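If you number the sequence shown the way numbering that gives the first Met the number 0 does, the last residue is 684 and the count never jumps.
Just so you know, even glycine gets a beta-carbon here, dropped at the ideal spot from N, CA and C.
This one's a predicted model, so the numbers in the text were calculated from it and none came from an experiment.
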Amino acid sequence: MIMIRRYQYGSPIQTDAVVREIPPYEGELKYLKEIRKEILHFAYTMEDNDVVYGLGENVRGINKRGGIYESKSSDEPSHLEDKRSLYAAHNFIILQGEVNFGIFVDYPRVITFDIGYTNRNQFVITPSSADLDLYIIEGESLKDIVKEFRQMIGRSYIPPKWAFGYGQSRWSYMDEDEVREVVKKHRDNQIPLDAVYLDIDYMDNYKDFTLNEKAFPNFPMFVEELKEQGIRLVPIIDAGVKVEKGYDVYEEGVENHYFCKDKEGNDFVAGVWPGKVHFPDVLNKKARKWFGQKYKFLLDQGIEGFWNDMNEPAIFYSEEHLKEVFENIDQFKGENLDIDSFFKFQELVGSINNNVNDYKRFYHNVEGEYYRHDKVHNLYGYNMTRAAAEAFEELEPEKRILLFSRSSYIGMHRYGGIWTGDNISWWSHILLNIKMMPSLNMCGFLYTGADIAGFGGNTTEDLALRWMQLGIFTPLMRNHSAIGTRYQEAYRFEKMEAFRNIIGIRYGLLPYIYSEFVKAAISNEMYFRPLAFDYTEDEFATQVEDQLLVGDGLMIAPVYQQNATGRYIYLPEPMKLFRMKSMKDMEWEIMENGHHYIDIALDEVVLFVRPNHIIPCSLSGQCIDDMNQNELTLLENVIDKATYELYHDDGFSKDFENPEHYSRIEITSDGSCKVEGNLELVIQR
Ligand code: MIG
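Next up, the structure:
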């Protein structure tokens, strides 16, 4: 039985999203109707109850039906219901109905997915041109389809173990002392912490691969000082390279033609953080290699992780467009602006950043062939991150380096994770965080998380606590906020003890979270799943969009409404509820399947363990390096027998498949406990 068919149209641009060799299929297109009216598009008629999953980083539901989406990587800080694009382009979709099938459109240009938006039952895919690879993926179940697809696109990125610890970020901690203070406050108050993030101000004038020497006078020593306390520093890298005579990255890039060119063949000038910048041509192999090697500057100083930003790429202005604006602005000067002229004026000045036309003003040199940027737009962030990852393979072949990006395309999931960009301290964004996670997992992005407590806007204590109660389950667990907003480090709040305990529960659950993550990556499965993926016969499960399965044995149901003291939940089968104030203070009860209302206080974590499952927990620590792998406790829901496959390693090496990394724990209802494997496990029960 053929599981995947590849249909080729025109001459598609090579994206390297797919790692399996699949020859184009010459037969007729299955399921979709190919329509060539004006432009090529594809249509499918949905039944009333068909469900549509996928599209990774996007707004709206787990079920994407009823919306229109556009894959067009954008610096979009307003994650609202009617937005069509965020930072990424994840063109993978699953249709669930009479038959289930998956669609992947490997196409780096803007492409639209109208999923019952214009017409409730019409699903229409419209690319901007007719050069693309379309894959149809068949499988028995939703999980099978995901697995097939994921095998085709290659194994998801696995970060070092410390990257599963808690990270504190802010735009920006300005100097050594501010960072020290953040670390000290966590340590003094026993709030676990593994990483502090450095935002753009650690650089000298926003120049990539430089340091503000005043703020960080002896960087390697500072990195070392923090490492001794179990803290890693994670600096940001921006896509644009500042135009400045004498700045080595700029000079080298110009000399070797490593930057994107305008149509006259000059280095394309855009305005971003540092003022005028050039964009490294990361689609060009040589330039990509060169840019990746630049990370060595920070690796050499002890840095072990990075986040790549502004790589849609975000453009504040292009020089050319800015010139047009200034030329046209005079006509409005001193005028009595009425409704028409005012709107024209507003359009003129309001259209400056991320302007579509600017993306047509520069070119990439791919093996000697020039591509206008808009034709490969969605590949930029992907290849910036790939640049770093490929360099790490050379520079640190034995060691995992933390790497995640803002912009991405399927294929990048092999090189790094993503964070979900500039959300806001809104309750609705907790819910959006819940919904986005499984969609990202389908597309291969497992190492992901949102800015906990919200990036923009001013957080509140209750919002931060509720968000943490979700955030402790996301592989990337990072608290991040924008400049000018209310400070939101855990120690700033009155209920600091609740923060300490909830973050402590993350560390407690780590053996489970880490094992489930690595196993999901290796076997091409999802770490976060909608209920419908496991409870396929349960019709109600399809409608549950605010609960998730986490790994094999857990279900979560976070609170995302202000002032709520609990929430309704749906149990597709009887489960054991654990109500945890901390790893040491918890209660449990068996709950019947069906609908329930449960209380969840602000200082608690509530989770559900499925029947015949056990959740291995550690006795917790202040950072990952301090944790004892050998001593475990268990959250148990054993009806007759439960087995668990525990994954453990040194947290750095890359031999994930080494059988020595796997242990087996077996618990039976009569109380016996068997352990097999290399690790000397002591299980406290
Ligand atoms: O235009 O580096 O999404 O996390 O703090 C803002 C400053 C640029 C956007 C990122 C955000 C980061 C911020 N950056």
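Three or more C-beta pairs under 8 Å: does that hold for the segment 200-211 against the segment 541-556? no
By a C-beta neighbour count over all protein chains shown, 10 Å radius and 16 as the cutoff for buried, is D654 buried or exposed? Residue 654 sits at position 655 when you count from the first residue of the sequence shown. The residue in question, D654, is exposed, as its Cβ has fewer than 16 Cβ neighbours within 10 Å.
Does the beta carbon of D198 fall short of 7 Å from some heavy atom of the ligand MIG? Position 199 of the sequence shown holds residue 198. It does: the Cβ of D198 is within 7 Å (strictly closer) of some heavy atom of the ligand MIG.
Could you please give the first and the last residue of the uninterrupted beta strand (DSSP E) stretch that includes E33? Within the sequence shown, numbered from 1, the residue matching residue 33 stands at position 34. That run of the beta strand (DSSP E) goes K32 to K36.
In terms of alpha-carbon separation, which member of I102, D533, E223 and T564 lies closest to M709? The shown model of the chain, from 0 to 684, leaves out residue 709, and the question about it has no answer.
With a threshold of 8 Å on Cβ separation, who are the neighbours of V182 within its own chain once the five nearest residues in sequence on each side are excluded? Your numbering for residue 182 matches position 183 in the sequence shown. Around V182: L192, V195, L225, Q228 and I230.
Check whether the Cβ of I235 lies closer than 7 Å to any heavy atom of the ligand MIG, and answer yes or no. Here residue 235 refers to the residue found at position 236 when the sequence shown is read from its first residue. Indeed, a heavy atom of the ligand MIG lies less than 7 Å from the Cβ.
Mind checking who R5 pairs with in its DSSP beta bridge? As a working mapping, residue 5 is identified with position 6 in the sequence shown. According to DSSP, which records beta bridges pairwise, R5 is partnered with P23 and Y134.
Cβ of R405 versus every heavy atom of the ligand MIG: is any distance shorter than 7 Å? By 1-based counting over the sequence shown, the position of residue 405 is 406. Yes - the ligand MIG has a heavy atom lying nearer than 7 Å to the Cβ of R405.
I482, buried or exposed, once every other Cβ within 10 Å from all chains shown has been counted against 16: For the purposes of this step, residue 482 is identified with residue 483 of the sequence shown, where counting begins at 1. By the neighbour-count rule (16 or more Cβ atoms within 10 Å), I482 is not buried but exposed.
When every heavy atom of the ligand MIG is checked, does at least one fall within less than 7 Å of the C-beta of F454? In the sequence shown, counting from the first residue as 1, residue 454 sits at position 455. Yes, the ligand MIG has a heavy atom inside 7 Å of this Cβ.
H612 to R413 span [Cα, whole Å]: For this step, residue 612 is matched to residue 613 along the sequence shown. For this step, residue 413 is matched to residue 414 along the sequence shown. Computed Cα separation, rounded: 30 Å.
Who pairs with Y165 in a beta bridge, going by DSSP? For this step, residue 165 is matched to residue 166 along the sequence shown. Answer is M476, bridged to Y165.
According to DSSP, simplified to helix, strand and coil, what is A388? As a working mapping, residue 388 is identified with position 389 in the sequence shown. Helix.
Looking only at C-alpha atoms, which of M173, R64 and S652 sits nearest to F112? Stepping through the sequence shown from its first residue, residue 112 is reached at position 113. Comparing Cα positions, the closest option is R64.
Would you identify the three-state DSSP class for G470, choosing helix, strand or coil? To locate residue 470, count along the sequence shown from 1; it is residue 471. If DSSP states are grouped into helix, strand and coil, G470 belongs with the helices.
I'd like to confirm something about W466: is its beta-carbon nearer than 7 Å to some heavy atom of the ligand MIG, or not? Within the sequence shown, the letter at position 467 stands for residue 466. No - the ligand MIG has no heavy atom lying nearer than 7 Å to the Cβ of W466.
Can you find a CB in chain B that lies within less than 8 Å of the CB of V517? Absent from the structure is chain B; it holds one protein chain and no more.
With a threshold of 7 Å, establish whether the CB of H479 neighbours any heavy atom of the ligand MIG. Along the sequence shown, one-based indexing puts residue 479 at 480. Within the cutoff, so yes.
For S662 and Q468, what's the separation of their Cα atoms in angstroms? Here residue 662 refers to the residue found at position 663 when the sequence shown is read from its first residue. Here residue 468 refers to the residue found at position 469 when the sequence shown is read from its first residue. Roughly 29 Å between the two C-alpha positions.
Could you compute how far the alpha carbon of S619 sits from the alpha carbon of P11? Counted from its first residue, the sequence shown places residue 619 at position 620. Counted from its first residue, the sequence shown places residue 11 at position 12. In a straight line, the C-alpha of S619 is about 50 Å away from that of P11.
Whole-angstrom distance between K575 and A641, CA atom to CA atom: The sequence position of residue 641 within the sequence shown is 642, counting from 1. The sequence position of residue 575 within the sequence shown is 576, counting from 1. Rounded to whole angstroms, A641 to K575 spans 14 Å at the Cα level.
Assigned secondary structure, V685 (DSSP; H/G/I helix, E/B strand, else coil): Here the chain comprises residues numbered 0 to 684, so residue 685 is not present and cannot be evaluated.
D261 to F267, Cα distance in whole Å? As a first step, residue 261 is located in the sequence shown; it is residue number 262 there, counting from the start. As a first step, residue 267 is located in the sequence shown; it is residue number 268 there, counting from the start. Approximately 5 Å, taken between the alpha carbons.
Counterpart residues of W418 in DSSP-defined beta bridges: Within the sequence shown, numbered from 1, the residue matching residue 418 stands at position 419. Partner(s): G448.
Between R405 and I417, which are expected to be in contact by the criterion C-beta below 8 Å, what is the C-beta distance as a whole number of angstroms? For the purposes of this step, residue 405 is identified with residue 406 of the sequence shown, where counting begins at 1. For the purposes of this step, residue 417 is identified with residue 418 of the sequence shown, where counting begins at 1. So it is a contact: roughly 7 Å between Cβ atoms.
Hey, S73 and Y86: beta-carbon distance below 8 Å or not? One-based indexing of the sequence shown puts residue 73 at position 74. One-based indexing of the sequence shown puts residue 86 at position 87. Cβ distance < 8 Å, so S73 and Y86 count as in contact.
Expected contact under 8 Å - CB spacing of I623 and G593 to nearest Å: Locating residue 623 in the sequence shown gives position 624, where the first residue counts as 1. Locating residue 593 in the sequence shown gives position 594, where the first residue counts as 1. Incorrect: roughly 39 Å between the Cβ atoms, too far for contact.
Following the continuous beta strand (DSSP E) through S70, name the residue where it begins and the one where it ends. Taking the sequence shown and counting its residues from 1, one reaches residue 70 at position 71. Start and end: G66 to S70.
Excluding the 5 residues flanking D461 on each side, which residues of the same chain have their C-beta closer than 7 Å to its C-beta? As a working note, residue 461 is residue 462 in the sequence shown. Excluding positions up to five away in sequence, the list reads Q561 and L601.
Is W170 near the ligand MIG, going by C-beta to nearest heavy atom under 7 Å? Locating residue 170 in the sequence shown gives position 171, counting from the first residue. W170: yes, Cβ under 7 Å from the ligand MIG.
Per-residue DSSP class, three states only, for S317: Locating residue 317 in the sequence shown gives position 318, counting from the first residue. Residue state, collapsed to three classes: strand.
According to DSSP, Q292 sits in a beta bridge with which residue or residues? Translated into the one-based positions of the sequence shown, residue 292 becomes position 293. Per DSSP, none; premise fails for Q292.
Please list the terminal residues of the continuous alpha helix (DSSP H) segment that includes R186. Translated into positions along the sequence shown, residue 186 becomes position 187. E175 to D187 is the span of the alpha helix (DSSP H), which, as asked, contains R186.
DSSP three-state call for H376: helix, strand or coil? Start at 1 with the first residue of the sequence shown, and residue 376 comes out as number 377. Looking at H376 - three-state DSSP - the assignment turns out to be helix.
Which one of N457, P126, R499 and I157 has the shortest CA to CA distance from K580? Position 581 of the sequence shown, counted from the start, is the residue given in the question as residue 580. Nearest option by C-alpha distance: R499.
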